[in-house]
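Under the working numbering, the residues of the sequence shown are numbered 20 to 537, in order.
Virtual Cβ for every residue (Gly too), placed ideally from N, Cα, C.
Worksheet: the structure to be examined is printed underneath.
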Amino acid sequence: MDPNRVLIFDTTLRDGEQSPGISLNTAEKLEIAHQLARLGVDVIEAGFPITSPGDFEAVQAISREVEGPIIAGLARTHVADIDAAWEAVKEAERPRIHTFISTSDIHIEHQLQTTREDVKGQARAAVAHAKQYCTDVEFSPMDATRADLDFTAEGCAIAVEEGATTINIPDTVGYTMPAEYTAYLERLYALVPGLRDVVLSVHCHDDLGMAVANSLAGVMAGARQVECAVNGIGERAGNASLEEIVMLLRTRGDAIGGVHTELNSRELARSSRLVSRLTGYVVQPNKAIVGRNAFAHESGIHQDGVLKERETYEIMDATTVGLDSNAIVLGKHSGRHALRQALEDLGFTVSGQALNQAFARFKEIADRKKQVTAMDLEAIVTDELREEIAGYTLEWFDVEASSRRPPHATVGVRSPEGTEMTGSFTGDGPVDAIFHAINSATGIEAKLREFRVDAVTAGQDALGETSVVLELDGRSASGQGVSTDIIEAAGRAYVRALSNAVRRRDVAEREALEPSAL
Ligand code: KIV
Ligand code: ZN
């Protein structure tokens with residue numbers, strides 16, 4: 020392999036999915052995995068198969084369907100975890116088992132309640148077991164940056180001896196700093212000569228806002244795999260942001276010995292939108308690379324400079340991250356063929372019933388909106404995808420809003436079993452009224468935690484995109500909706516969040532009866 024190539028290991032669907040409130044189902048995970056393949060990531064960590072039947076099913080579906088990247092499944096060092104990970108990834112073109120165990124004393128004593136000797140034994144047995152199934156095995160000494168370096172090196176040496184092909188050094192709690200991490204990895208190379216024969220990987224969390232800087236320090240020390248997530252989602256403050264890593268190496272790689280990735284950076288903006296839409300995690304406007312304002316110039320001096328020569332105030336061209344992709348425009352006279360072609364240009368293969376449904380939805384929106392752009396199509400198709408999997412659906416609603424009377428809403432909601440239920444409520448505002456009316460129709464007392472409305476594109480007739488986070492029995496779940504009418508978008512988002520919350524509650528109840536391996 021090219022010694023300067025840095026592999027991008029995407030963990031949006033595993034570490035990213037562990038973020039509070041994110042509850043992706045298999046169809047949504049598949050959609051993201053297909054987009055990651057279009058983006059050209061080298062590895063997709065598709066999930067942690069032992070944790071739930073849903074996770075297992077999603078990893079298996081991605082392994083069966085998604086071509087191109089290596090598909091990895093996460094496993095603790097337990098035999099059952101490794102068996103489940105293998106079962107889930109074995110049909111992938113290129114499967115990988117990723118196994119981990121902590122090497123820090125704080126984890127060994129308090130969480131694992133075991134000894135260093137036992138940890139070494141578990142690491143050896145796990146890699147050896149995984150190796151019986153799969154040639155591609157990754158080993159991670161969790162919390163490595165707070166662990167004793169000599170002991171972590173012993174663990175890594177054992178993993179290499181047993182045949183691990185990638186050694187990943189996680190900064191699990193986002194504690195390290197660039198110079199310290201570089202020194203750590205350089206010392207590790209010195210202590211584990213076999214490390215030169217495998218791929219060294221970095222996995223950095225953002226608790227102190229250092230995840231990207233630390234990952235870069237890792238690359239400078241010799242790491243050739245970076246673990247990261249789209250929009251930087253992940254446990255707590257998240258993981259290193261994939262788009263920042265990719266554009267950093269693309270823009271400044273020559274200053275660090277010519278390191279580079281093989282990703283198609285033009286798919287970055289779209290990947291970011293898809294992940295944001297499906298997870299309900301908004302991208303802050305000033306987020307590097309994919310934020311709405313990342314390429315916007317406000318001050319007159321800057322605008323003047325950019326008009327004269329773009330490079331006066333831009334170190335990257337917005338087109339290289341895919342921010343010019345709003346060229347497709349359809350109108351209410353566009354036919355099924357034009358829609359299908361536009362969807363194909365966007366990378367969606369839609370035919371049969373799915374095309375009919377997308378066309379009906381497109382017509383409904385094109386009637387209300389003059390022009391339907393690429394961004395609108397993306398939003399509609401993603402919204403339709405959710406329709407198929409939602410448990411409850413909003414069939415109809417009436418909302419009366421006036422400045423002289425309290426707003427009143429009546430709704431019809433179809434249950435997962437197909438029964439139509441109605442409910443009504445007089446609320447503080449029209450959105451509050453429709454949310455409570457849905458609670459009343461379903462008989463589920465969920466509590467609203469967050470509600471957001473965004474416009475998909477600019478302009479007065481823009482599609483509204485809403486996101487709802489609600490809480491049911493102490494668990495949070497999110498849902499999103501798209502429509503030209505924001506009350507309708509809000510209602511759709513609420514029933515989806517409710518469906519996700521109910522699904523989560525049911526899984527938790529089942530797991531309480533038959534505890535899973537975690
Ligand atoms: O942060 C971490 O240590 C992890 C491991 C499972 C690699 O996510
Ligand atoms: Zn992590």
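Kindly indicate the opening and closing residues of the beta strand (DSSP E) around residue i.
i: Asp417; result: Thr412 to Glu419
i: Ala474; result: Lys466 to Ala474
i: Asp29; result: Leu26 to Asp29
i: Gly591; result: Outside the shown range of the chain, which is 20 to 537, sits residue 591, and nothing can be said about it.
i: Val64; result: Before going on, a small fix: residue 64 reads as Glu here, not Val. Val62 to Gly66 is the extent of the beta strand (DSSP E) around Glu64.
i: Ser220; result: Val218 to Cys223
Consult DSSP for residue i and reduce its assignment to one of helix, strand or coil.
i: Gln499; result: strand
i: Thr184; result: coil
i: Met394; result: helix
i: Cys175; result: helix
i: Gln244; result: strand
i: Thr164; result: helix
i: Arg289; result: helix
i: Ile17; result: The question about residue 17 has no answer, for the chain in this structure spans 20 to 537.
i: His97; result: coil
i: His316; result: coil
i: Met440; result: strand
i: Ala145; result: helix
i: Ala481; result: coil
i: Glu254; result: coil
i: Ile506; result: helix
i: Ile90; result: strand
i: Ser535; result: Caution is warranted here: a pLDDT of 48 is assigned to Ser535, below 50, making its placement in the model unreliable, and the coordinate value is therefore given only provisionally. DSSP places Ser535 in coil when its eight states are reduced to three.
i: Thr401; result: helix
i: Met20; result: coil
i: Asp190; result: strand
Relative to the alpha-carbon of residue i, which residue among the options has its alpha-carbon at the smallest distance?
i: Val156; options: Val231, Thr191, Phe170 and Arg95; result: Arg95
i: Ser495; options: Val501, Val487 and Val391; result: Val487
i: Gly341; options: Asp167, Val325, Gly319 and Arg311; result: Arg311
i: Lys351; options: Arg387, Gly241, Ile51 and Thr461; result: Arg387
i: Ser518; options: Thr331, Tyr411, Glu136 and Asn283; result: Tyr411
i: Asp336; options: His356, Ala357, Ala313 and Glu317; result: Ala313
i: Asp74; options: Val231, Ser421, Glu469 and Leu49; result: Leu49
i: Pro68; options: Thr154, Arg468 and Ile101; result: Ile101
i: Ala379; options: Thr392, Arg355 and Asp395; result: Arg355
i: Lys306; options: Val98, Lys382 and Gly228; result: Gly228
i: Asp34; options: Gly276, Gly431, Gln54 and Ala65; result: Ala65
i: Phe454; options: Gln372, Ser434, Leu413 and Gly140; result: Leu413
Can you tell me whether residue i sits near the ligand KIV, meaning its C-beta is under 7 Å from at least one heavy atom of the ligand?
i: Thr191; result: yes
i: Asp29; result: no
i: Asp21; result: no
i: Asp34; result: yes
i: Asn312; result: no
i: Leu204; result: no
i: Leu532; result: no
i: Asn458; result: no
i: Asn187; result: yes
i: Leu93; result: yes
Can we count residue i as close to the ligand ZN, meaning its CB is less than 7 Å from some heavy atom?
i: His97; result: no
i: Ile283; result: Going by the sequence as given, residue 283 is Asn instead of Ile. Asn283: no, Cβ never under 7 Å from the ligand ZN.
i: Asp162; result: no
i: His117; result: no
i: His224; result: yes
i: Glu64; result: no
i: Asn233; result: no
i: Gly253; result: yes
i: Asn250; result: no
i: Asn10; result: Nothing can be reported for residue 10, as the shown portion of the chain is limited to 20 through 537.
Any heavy atom of the ligand NAD closer than 7 Å to the Cβ of residue i?
i: Glu157; result: The model on display carries the ligand KIV and the ligand ZN but not the ligand NAD.
For the alpha helix (DSSP H) containing residue i, name the first residue and the last one.
i: His356; result: Arg355 to Asp364
i: Ser82; result: Pro72 to Glu84
i: Asn375; result: Gly371 to Arg387
i: Leu49; result: Thr45 to Leu58
i: Val231; result: Ala230 to Met239
i: Thr134; result: Segment: none, Thr134 is in no alpha helix (DSSP H) and carries neither H nor E.
i: Phe367; result: Where Phe367 is concerned, there is no enclosing alpha helix (DSSP H), given that its DSSP letter is neither H nor E.
i: Gln266; result: The residue asked about is misnamed: residue 266 is Met in this sequence, not Gln. First-last of the alpha helix (DSSP H) with Met266: Leu261 to Arg271.
i: Ala460; result: Pro449 to Thr461
i: Thr201; result: Pro197 to Leu210
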